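Peer 1:
Residue numbers (our numbering), protein chains in the order written: chain A, 967 to 1296; chain B, 1234 to 1689.
#1: Please identify the residue among B/1520, B/1504, B/1498 whose C-alpha is closest to the C-alpha of residue 1512 of chain B.
#2: What did DSSP end up calling residue 1270 of chain A once you bin it into helix, strand or coil?
#3: Around the C-beta of residue 1402 of chain B, are 16 or more other C-beta atoms found within 10 angstroms, so that it is buried, or is it exposed?
#4: Is there a C-beta anywhere in chain B that falls below 7 Å from the one on residue 995 of chain A?
#5: Starting from the Cα of residue 970 of chain A, find the closest Cα among A/1149, A/998, A/1217 and give me that residue.
#6: Any beta carbon from chain B within less than 7 Å of residue 1048 of chain A's own beta carbon?
#7: Does the distance from the CB of residue 1568 of chain B to the CB of residue 1557 of chain B come in under 7 Å?
#8: Check whether the stretch 1207-1226 of chain A touches the stretch 1024-1039 of chain A, taking contact to mean three or more Cβ pairs, one atom from each stretch, closer than 8 Å.
#9: Quick check: is any heavy atom of the ligand SAH less than 6 Å from the C-beta of residue 1606 of chain B?
#10: Looking at chain A, is there any beta carbon in it that lies within less than 7 Å of the beta carbon of residue 1656 of chain B?
#11: Less than 8 Å between the CB atoms is what I'm expecting for residue 1185 of chain A and residue 1222 of chain A, so what's the real figure, rounded?
#12: Where does the unbroken alpha helix (DSSP H) through residue 1355 of chain B begin, and where does it stop?
#13: Please report how far the alpha carbon of residue 1271 of chain A lies from the alpha carbon of residue 1177 of chain A, in whole angstroms.
#14: Tell me which residue opens and which closes the alpha helix (DSSP H) that residue 1415 of chain B is part of.
#15: Measuring only the C-alpha atoms, how far is residue 1141 of chain A from residue 1128 of chain A?
#16: Is the Cβ-Cβ distance between residue 1009 of chain A and residue 1155 of chain A less than 7 Å?
#17: Please state whether the Cβ-Cβ distance between residue 1044 of chain A and residue 1094 of chain A is less than 7 Å.
#18: Consult DSSP for residue 1250 of chain A and reduce its assignment to one of helix, strand or coil.
#19: Using 8 Å as the Cβ pair cut-off and three pairs as the minimum, do the stretch 1305-1323 of chain B and the stretch 1276-1295 of chain B touch?
#20: Which same chain residues end up closer than 6 Å to residue 1400 of chain B when comparing Cβ atoms and leaving out the 5 residues on each side of it in sequence?
#21: Near residue 1501 of chain B, which residues of its chain fall below 7 Å by C-beta distance, leaving aside the five closest residues on each side in sequence?
#22: Report the option in B/1533, B/1526, B/1547, B/1534 whose CA atom is closest to the CA atom of residue 1520 of chain B.
#23: Under 7 Å, Cβ to Cβ, is there at least one residue of chain B near residue 988 of chain A?
#24: Counting only runs of 3+ residues fully inside the stretch 1119-1172 of chain A, write out the beta strand (DSSP E) ranges in chain order.
#25: Would you please verify whether the beta carbon of residue 1407 of chain B is less than 7 Å from any beta carbon of chain A?
#26: For residue 1245 of chain B, count the other beta carbons within 10 Å of its own beta carbon; 16 or more makes it buried, fewer makes it exposed. Which is it?
#27: Drop a sphere of 10 angstroms on the beta-carbon of residue 1280 of chain B, count the other beta-carbons inside from all chains shown, and report buried for 16 or more, exposed for fewer.
#28: List the residues that DSSP assigns as beta-bridge partners of residue 1556 of chain B.
#29: Rounding to the nearest angstrom, what Cα-Cα distance links residue 1254 of chain B and residue 1139 of chain A in this structure?
#30: 7 Å is my cut-off, CB to CB: does residue 1014 of chain A come that close to chain B?
#31: Taking the alpha carbon of residue 1088 of chain A as the point to measure from, which residue in A/1103, A/1167, A/1136 has its own alpha carbon closest?
#32: Going straight from the alpha carbon of residue 977 of chain A to that of residue 1020 of chain A, what length do you get?
#33: Could you check where the beta strand (DSSP E) with residue 1005 of chain A kicks off and where it finishes?
#34: Under 8 Å by Cβ, that's how I've got residue 1632 of chain B and residue 1599 of chain B pegged, so tell me the actual separation to the nearest angstrom.
#35: Compute the distance between the beta-carbons of residue 1542 of chain B and residue 1578 of chain B, then report whether it is under 7 Å.
#36: Please determine, among B/1271, B/1267, B/1263, B/1270, the residue with the shortest C-alpha to C-alpha distance to residue 1001 of chain A.
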């Protein structure tokens, strides 16, 4: 286990994860206070990746629960394997005959069957889903509840129960209590507001897009074959794209993909052709690609298009804003 | 330190951040674990335990240095490098200065730290005890520095140095003193700034009463100040989240509709595939909306918040077309395709400035019926947001009747209370007959209730 933020940094670095001081502190606190982390931030900044790195660094097994609309207890907690139960009943019919042989009355037969009930409601027929797996695991685990904002509000309320005392009751088997409290991490892309109650129980971590230097470190770690000079250019361009008013800003994972694409294409420098060919790796909307192309070419093309007097060439994004079509305003 | 953290949490609450008792307890436990040695770690620990919403981040960033700042850098004493004779010279020269200037010079040239009572006194003289708004910090800092005599410093310092030069202090020493004075002045300014910030924060905490949210929700649109309108815009988002979860919970309860074969088979495996429990597909009958919003001066706020709410709730609505009118109608749907809702609303309002007494609903309805009739079909809920004040032009009730026959329903939202309908140029009574429902939406709460009914 971690004892200081430095150890956290070392650990996460060992898993090829570049963490900010804030992330280190929060992970340390999650370990110490045994509280879940609620991690928010734009898509693709490495929220899920953090969970994996954390699990790797502490030697925990990662159990992942991917949330979606309509997720319910049978998919998150446990389910009886009815088909298997039916099958066994069929196969064991002869044996049941033996058990029931010699019973005089119906009540007696029922009693005998009741004695064997445990066979059918045992762990053998129980299908543990991620939440039950996390609670009953003997080894240390990390439970990752991914994109909690996609699940329904009721599921959130149900989750609250599980997270507060880490016990699950299966009516036929009794209550299962966690022997060791699992580490928990929830991620959210903030598509809807989470309940106050859930937020209260968690440590909150907001991961934003990294700074140029941090992103450069990430790119160097993940795409080591990219020439340093080119890596810097690429990261600076991505950072500039994020300043634009895009439908979907390029994420860190997309930066890495792009860096790898540049390596695969043997790009020597970021010239216009390379850029236009690979921009779709970064931007996934046609409209965004067009906007980005315009913004990138704006400074080099001088006062291209509509001649706006304001703004210098060194701030293309601002000039770009001025270029946006404006409706008549009086 | 503990008291400091308690004060800080009170300060956060005063600034509108919701911090529960459990969270403040967490903060203390977190600080126990990470200690206070590293300020950065300490800060992250408090941030992780107290701030649960990215929107509250800036408040935290603003308040943290005020409560846990170092109080500004210390003033340094440059006289150690002077010869004893020169030190004596300086002391004599300082003794000749008058009260306030002498105190200032002692701080700047001998590195004497300002004591709290001095700062408090200067603060009281500029009225710091009445300051309770964070944005006043700069202004009071400047006033306090002037009170301490910093504006006359250049002059006084020059005279002092000239005097010392006459007495034979070396030029090197004088340069040193001058440089030290400049550095110390900057340090002093920072200390004063911290002092002012701390005082304002404390004052704000003391005066803090419960967040005025409820009050704001009930405030009539007609009497909103600019600042309150801003605060309400923030609130609209939270309101939208509430409405959304209520609407989605409501959808879940539906017990009719198409059979959910997959789920039914799944659930009935336990009964040997005999369908004992039947499940239905949850039916999301999302309304299809057409909004006609009056953006003349009298209804502007109401329309603005309605547009914001509807577009925040876009996922609960299958399709929304929006129009605004003053004299004539204008399709604004395109704005919302291009921009995020909040930006789009601003642009719409910017581009449609109200004039004087030029509202004409009758004419607008005529244009709507002529150009945009395709937006209204049997599934559409037509929403009109207007006070029905037509400047005595033809109300064209016949058109609204025609629209009523086409649309699923017509809902009228009027910011005016019923007793004003029909007074002056109001044509409300005539329109009311054509509507399936008329809601009075004088404030945001009423507007939210109306939208809630809409999503029902």
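Glycine included, every Cβ here is placed at the ideal spot set by N, Cα and C.
Predicted model, so just to flag it, every value in this text is computed and none were measured.
Peer 2: On the basis of the data shown:
#1: B/1498
#2: The predicted position of residue 1270 of chain A is uncertain, since its pLDDT is 38 and thus under 50; a value taken from the coordinates is nonetheless stated next. Residue 1270 of chain A: coil per DSSP, three-state reduction.
#3: buried
#4: yes
#5: A/998
#6: yes
#7: no
#8: no
#9: Questions concerning the ligand SAH fall outside what the structure shown contains, since it holds no ligand whatsoever.
#10: no
#11: 6 Å
#12: 1349-1359
#13: Because the pLDDT at residue 1271 of chain A is just 39, under 50, the model does not fix this residue reliably, and the value given afterwards should be weighed accordingly. The alpha-carbon atoms of residue 1271 of chain A and residue 1177 of chain A are separated by roughly 32 Å.
#14: 1404-1440
#15: 12 Å
#16: yes
#17: yes
#18: coil
#19: no
#20: 1322
#21: 1507, 1508, 1509, 1510
#22: B/1547
#23: yes
#24: 1133-1136, 1140-1143, 1149-1154, 1169-1172
#25: no
#26: buried
#27: buried
#28: B/1525, B/1564
#29: 37 Å
#30: no
#31: A/1136
#32: 8 Å
#33: 1003-1006
#34: 6 Å
#35: no
#36: B/1263
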